[in-house]
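Peer 1:
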Amino acid sequence: MTATTEAPLSTKRRKSTSARQNLFGWMFVGPFAIIFLAMLVLPIGYALYLSLFQKSLIGGTRFVLFGNYVKAFSDPSFLDGVWFVITFSLVLIPLQMAVSLAIALILDIIVTRFARFSRLMIFMPYAIPTVIGALMWGFLYSDTFGPLAELFGTFGAQAPDFLSRNLIFYGLLNIVTWQWAGYYMIILYAALQGIDPTLYEAARIDGASQWQIVWRIKIPMVAPALLLILVFALIGTLQFFNEPKILQDLAAGSIPNDFTPNMYAYQQAFSLANYNYGATISFALGAVVFICVYIFLFATRKRGSIFS
Amino acid sequence: MSVTPVEVTGTKAARRNVVERRRRPRERGRIPLSIVLGLLMVYFLVPFWWLIVNSSKTAAGLFGGDSALWFADDINYWGNLVDLFTYGGGIYARWLGNSALYAILGGVGATVLAVLAGYGFAKYQFAGRRLSFAILLGAVMVPTTALAIPTFVLFAQAGLTNTIWAVIIPTLLNPFGVYLMNVYARDAVPDELLDAARVDGAGEFRSFFTVALPLLRPAIVTVLLLSVVASWNNYFLPLVMLSDNRLFPVTVGIGLWQSTASTYGAAGGQTLWSIIILGSLVSVIPLIIAFLGLQKYWRGGLAIGSLK
């Protein structure tokens with residue numbers, strides 16, 4: 462690809478400019494490019510390579526081409542994990558977006574000191590490591606430390622156990638929403654603040670109500686920010702690991718080692734030393750994420766995405 | 053929506069008029085919305101409250117029948133703090149130090165690379181720019197955990213696992229940071245200004261340091277904050293790479309304690325639980341301070357990618 466897109470100059474001048482542009486362009490991008498190749502391209506290539514082999518105690522390492530992938534896509538542990546993260550995303554992402562959008566819209570309407578303070582407090586969980594976030598909620602859910610038994614007990618009711626097998630889905634849903642809603646809210650709030658206020662005035666003169674302004678102006682105007690959030694949430698959720706891993710010990714028996722694809726890959730690689738199969742699962746998961754996001758972005762491109 | 057004359061006359065008086073008028077409808081519904089906001093704030097702060105209250109309790113208070121959301125009669129912060137920093141030969145302080153080291157080296161390194169590359173992509177028309185930028189955008193969508201297993205195997209072959217570099221080097225990769233810097237640099241650093249510097253005889257690096265860097269400051273602080281937080285909060289990578297607990301960051305360390313305490317059950321791990329709770333609280337304080345202190349920088353910066 463040639464890079465000379467400037468207006469026609471004399472050939473000699475253009476040549477020297479373009480050489481200069483090449484030299485300095487690559488000098489600035491170079492250090493990152495090296496890390497990119499070493500820490501992203503190489504590991505991906507290596508994961509693909511590892512995934513083409515199988516290791517056994519008797520036969521040693523042998524080339525199996527897509528054998529591991531055939532195994533993964535018929536392995537109930539992997540498939541159930543993929544199914545779990547997909548269903549989890551389908552519930553989580555709309556919920557998270559609704560919560561963060563609602564808060565951002567409220568904060569956009571009321572501009573009091575209290576509102577400013579609450580904006581900061583609601584954002585706070587973002588600064589907390591997911592490990593600690595999961596642990597805090599694990600304590601709150603626990604019947605030993607948590608307030609749930611006490612609270613429900615005063616009404617004479619049985620407290621729900623969010624660490625039980627049936628409710629762990631909701632337990633995790635709450636943790637992830639709590640952790641990220643504030644960050645998404647800040648992004649949406651900034652996008653709302655960027656809207657030209659004269660639009661609201663124009664709408665109001667045309668007789669629009671506050672609700673109509675929200676639905677017809679504010680939400681469509683922050684659509685690119687919503688899309689950005691959706692993509693990040695999708696990438697994050699499909700590789701779900703930290704929260705279930707931390708709750709695994711607290712929620713005895715509710716979270717098996719193959720709960721999510723990432724946990725399964727971790728178990729295969731580091732508990733069973735089966736790096737080939739672990740790499741297969743990682744690579745397959747990475748490909749699933751990449752393809753999902755890419756298709757999604759392609760489908761929504763017209764509406765103005767950050768990646769278009 | 054039609055445009056009324058009020059908006060097209062862009063005089064100051066008219067604008068002030070608009071501001072006056074748009075404030076009035078905003079007042080309505082302010083109290084119910086503030087109540088909603090207050091309730092949301094309670095939800096987002098409950099885990100912090102639980103942590104603050106329960107880290108004051110002795111093991112007996114923690115497991116006694118007292119309220120989980122209020123202090124026990126015996127406030128034991130100091131005793132727990134001493135336990136926390138002496139347990140296991142003072143390993144907790146070491147974990148905190150490790151977290152700081154990884155966050156600072158990894159975060160600063162990633163930021164430096166992102167600033168250089170983002171600027172390079174924005175301001176030089178070098179050969180291969182479009183292609184490499186397209187690859188970079190694709191890389192934003194690659195789930196980082198998918199890289200952990202192959203990176204681990206590669207590092208194991210190089211003898212780098214279980215060293216600080218195994219955590220720091222992969223942290224240097226931050227494609228989203230490059231993307232943010234590029235978006236920001238495109239508008240924040242006018243080409244005319246760089247050309248003027250060149251005409252004045254400044255070299256490319258000199259104009260970068262003296263002209264571009266000061267203009268890029270808000271984006272630099274944001275990328276730095278995001279990278280530092282991401283590496284302070286990282287769990288999966290150090291969990292995979294490190295086996296010597298003296299190299300653990302605080303996230304992995306607390307995860308380890310928690311898993312140990314859970315294995316022993318509520319009875320055996322009683323003292324451990326109080327230090328886990330206080331340890332969680334102490335580990336989040338530095339980030340909360342960083343976020344509160346740097347508020348005016350990140351508030352605008354976090355939205356960089358979403359306004360386009």
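Top to bottom, those sequences are chains A and B.
Number 672 in the working numbering belongs to position 211 of the first sequence; there are no gaps in the numbering.
Number 141 in the working numbering belongs to position 89 of the second sequence; there are no gaps in the numbering.
Beta carbons are placed, not taken as given, at the ideal position from N, Cα and C, and that holds for glycine.
Fair warning: this is a prediction, and the values are worked out from it, not measured in the lab.
Could you give the first and the last residue of the continuous alpha helix (DSSP H) run that contains Thr274/B?
Peer 2: As a working mapping, residue 274/B is identified with position 222 in the second sequence. Start and end: 269 to 285.
Peer 1: Check the Cβ of Leu503/A against every Cβ in chain B and list those closer than 9 Å, keeping chain order.
Peer 2: Locating residue 503/A in the first sequence gives position 42, where the first residue counts as 1. Chain B residues near Leu503/A: Pro202, Thr203, Leu206.
Peer 1: Please state whether DSSP places Gly158/B in a helix, a strand or coil.
Peer 2: Counting from 1 along the second sequence, the entry for residue 158/B is found at position 106. Helix, per DSSP.
Peer 1: Return the residue from the list Pro608/A, Gly599/A, Phe545/A, Thr741/A that minimises the CA-CA distance to Ser311/B.
Peer 2: The residue you call residue 311/B lines up with position 259 of the second sequence. Of the listed residues, the one whose Cα sits closest to Ser311/B is Gly599/A.
Peer 1: Starting from Pro517/A, trace the beta strand (DSSP E) both ways and give me its first and last residue.
Peer 2: For the purposes of this step, residue 517/A is identified with residue 56 of the first sequence, where counting begins at 1. For clarity, residue 517/A is Ser in the given sequence; the question names Pro instead. Note, Ser517/A: beta strand (DSSP E), 514 to 517.
Peer 1: Just the Cα atoms here: how many angstroms apart are Ser108/B and Leu333/B?
Peer 2: As a position in the second sequence, residue 108/B is number 56, starting the count at 1. As a position in the second sequence, residue 333/B is number 281, starting the count at 1. Using only the alpha carbons, I get a separation of about 11 Å.
Peer 1: With distance defined between alpha-carbon atoms, name the residue in Val192/B, Ala210/B, Leu339/B nearest to Trp284/B.
Peer 2: As a position in the second sequence, residue 284/B is number 232, starting the count at 1. It is Leu339/B.
Peer 1: Whose CA, out of Ala198/B, Thr196/B, Ser119/B, lies closest to the CA of Thr615/A?
Peer 2: Within the first sequence, the letter at position 154 stands for residue 615/A. Among Ala198/B, Thr196/B, Ser119/B, the Cα nearest to that of Thr615/A belongs to Ser119/B.
Peer 1: Beta carbon of Tyr287/B, beta carbon of Thr591/A: below 8 Å?
Peer 2: Working through the second sequence from its first residue, we reach residue 287/B at position 235. Working through the first sequence from its first residue, we reach residue 591/A at position 130. A contact, by the Cβ cut-off of 8 Å.
Peer 1: In the DSSP assignment, find the unbroken beta strand (DSSP E) run with Thr522/A in it and report its ends.
Peer 2: Position 61 of the first sequence holds residue 522/A. Per DSSP, Thr522/A belongs to the beta strand (DSSP E) from 521 to 524.
Peer 1: What residues from chain B crowd round Phe485/A, counting only those whose CB sits closer than 8 Å?
Peer 2: Within the first sequence, the letter at position 24 stands for residue 485/A. Those within 8 Å of Phe485/A in chain B are Gly172, Tyr176, Phe178, Glu256.
Peer 1: Taking C-beta to C-beta, are Leu267/B and Tyr231/B nearer than 8 Å?
Peer 2: As a first step, residue 267/B must be located in the second sequence, where it is residue number 215. As a first step, residue 231/B must be located in the second sequence, where it is residue number 179. In this structure, Tyr231/B does not lie closer than 8 Å to Leu267/B by Cβ.
Peer 1: Using a beta-carbon distance cut-off of less than 7 Å, what residues from the stretch 589 to 604 of chain A approach chain B?
Peer 2: Listed by position, the residues of the stretch 589 to 604 of chain A near chain B (Cβ gap below 7 Å) are Ile589, Pro590, Thr591, Val592, Ile593, Leu596, Met597, Trp598, Phe600, Leu601.
Peer 1: Give me the Cα-Cα distance between Ser769/A and Arg146/B, rounded to the nearest whole angstrom.
Peer 2: For the purposes of this step, residue 769/A is taken as residue 308 along the first sequence, with counting starting at 1. For the purposes of this step, residue 146/B is taken as residue 94 along the second sequence, with counting starting at 1. Unreliable placement is indicated for Ser769/A, whose pLDDT of 40 sits below 50; the coordinate value is still reported in the next sentence. Their backbone Cα atoms lie some 45 Å apart in a straight line.
Peer 1: With H, G and I counted as helix, E and B as strand and the rest as coil, what does DSSP make of Gln728/A?
Peer 2: Position 267 of the first sequence, counted from the start, is the residue given in the question as residue 728/A. It is helical.
Peer 1: Val280/B: which of Val94/B, Gly255/B, Gly161/B, Ala271/B sits nearest, CA to CA?
Peer 2: The count along the second sequence starts at 1 and reaches residue 280/B at position 228. The residue with the shortest Cα to Cα distance from Val280/B is Gly161/B.
Peer 1: Do Met293/B and Thr213/B have their C-beta atoms within less than 8 Å of each other?
Peer 2: The count along the second sequence starts at 1 and reaches residue 293/B at position 241. The count along the second sequence starts at 1 and reaches residue 213/B at position 161. Cβ distance < 8 Å, so Met293/B and Thr213/B count as in contact.
Peer 1: By the 10 Å Cβ neighbour count, where 16 or more other Cβ atoms means buried, how is Gln347/B classified, buried or exposed?
Peer 2: The count along the second sequence starts at 1 and reaches residue 347/B at position 295. Its Cβ having fewer than 16 others within 10 Å, Gln347/B is exposed.
Peer 1: Any C-beta of chain A within less than 9 Å: which residues of the stretch 277 to 300 of chain B qualify?
Peer 2: Listed by position along the chain: Val281, Trp284, Asn285, Asn286, Tyr287, Phe288, Leu291, Val292.
Peer 1: Between which two residues does the alpha helix (DSSP H) carrying Arg677/A extend?
Peer 2: The count along the first sequence starts at 1 and reaches residue 677/A at position 216. Taken as a continuous stretch (DSSP letters only), Arg677/A belongs to no alpha helix (DSSP H), as it is neither H nor E.
Peer 1: I need the straight-line Cα distance from Leu691/A to Ala563/A, nearest angstrom please.
Peer 2: As a working mapping, residue 691/A is identified with position 230 in the first sequence. As a working mapping, residue 563/A is identified with position 102 in the first sequence. Between Leu691/A and Ala563/A, the C-alpha separation is close to 15 Å.
Peer 1: Roughly how many whole angstroms lie between the Cα atoms of Gly170/B and Thr522/A?
Peer 2: Here residue 170/B refers to the residue found at position 118 when the second sequence is read from its first residue. Here residue 522/A refers to the residue found at position 61 when the first sequence is read from its first residue. Approximately 43 Å between the Cα atoms of the pair.
Peer 1: Classify Ala713/A as helix, strand or coil using the three-state DSSP reduction.
Peer 2: Locating residue 713/A in the first sequence gives position 252, counting from the first residue. Three-state result, Ala713/A: coil.
Peer 1: Between Val637/A, Phe744/A, Val683/A, which has its C-alpha nearest Ala652/A's C-alpha?
Peer 2: Reading the first sequence from its first residue, position 191 is the one you call residue 652/A. The residue with the shortest Cα to Cα distance from Ala652/A is Val683/A.
Peer 1: Are the CB atoms of Met233/B and Ile696/A nearer to each other than 8 Å?
Peer 2: By 1-based counting over the second sequence, the position of residue 233/B is 181. By 1-based counting over the first sequence, the position of residue 696/A is 235. Taking 8 Å as the Cβ cut-off, Met233/B and Ile696/A do not qualify as a contacting pair.
Peer 1: In its own chain, which residues sit with a C-beta less than 6 Å from the C-beta of Glu72/B, not counting the 5 before and 5 after it?
Peer 2: Reading the second sequence from its first residue, position 20 is the one you call residue 72/B. Because the pLDDT at Glu72/B is just 47, under 50, the model does not fix this residue reliably, and the point stays unresolved.
Peer 1: Going along chain B, which residues have a C-beta under 8 Å from Ser625/A?
Peer 2: The residue given as residue 625/A occupies position 164 in the first sequence. Residues of chain B passing the Cβ test: none, with the nearest at roughly 16 Å.
Peer 1: Tell me the rounded alpha-carbon separation between Met582/A and Val105/B.
Peer 2: As a working mapping, residue 582/A is identified with position 121 in the first sequence. As a working mapping, residue 105/B is identified with position 53 in the second sequence. Spanning the two alpha carbons is a distance of roughly 18 Å.
Peer 1: For chain A, is any of its Cβ atoms less than 8 Å away from the one on Ile306/B?
Peer 2: In the second sequence, counting from the first residue as 1, residue 306/B sits at position 254. It does: the Cβ of Ile306/B has a partner Cβ on chain A nearer than 8 Å.
Peer 1: Taking Ala745/A as the reference, which of Gln671/A, Ser512/A, Arg580/A has the closest Cα?
Peer 2: As a first step, residue 745/A is located in the first sequence; it is residue number 284 there, counting from the start. Minimum Cα distance to Ala745/A is reached at Ser512/A.
Peer 1: Look at the alpha carbon of Val273/B and the alpha carbon of Ala155/B, and state the distance between them as a whole number of angstroms.
Peer 2: As a position in the second sequence, residue 273/B is number 221, starting the count at 1. As a position in the second sequence, residue 155/B is number 103, starting the count at 1. Those two C-alpha atoms are separated by around 14 Å.
Peer 1: Which chain A residues sit within Cβ distance under 7 Å of Phe343/B?
Peer 2: Within the second sequence, the letter at position 291 stands for residue 343/B. The contacting residues are Ala588.
Peer 1: Quick check on the DSSP output: what are the complete alpha helix (DSSP H) runs of length 4 or more inside the stretch 186 to 268 of chain B, in order along the chain?
Peer 2: Listed in chain order, they are 197 to 209, 216 to 223, 227 to 240, 243 to 251, 256 to 259.
Peer 1: Ala480/A: buried (16+ other C-beta within 10 angstroms of its C-beta) or exposed?
Peer 2: Along the first sequence, one-based indexing puts residue 480/A at 19. With fewer than 16 other Cβ atoms within 10 Å, it is exposed.
Peer 1: Smallest Cα separation from Met597/A: which of Leu498/A, Tyr510/A, Gln640/A, Ile505/A?
Peer 2: Position 136 of the first sequence holds residue 597/A. For Met597/A, the nearest C-alpha among the options comes from Gln640/A.
Peer 1: Where do the N-terminal and C-terminal ends of the alpha helix (DSSP H) with Phe623/A fall, by residue?
Peer 2: As a working mapping, residue 623/A is identified with position 162 in the first sequence. Where Phe623/A is concerned, there is no enclosing alpha helix (DSSP H), given that its DSSP letter is neither H nor E.
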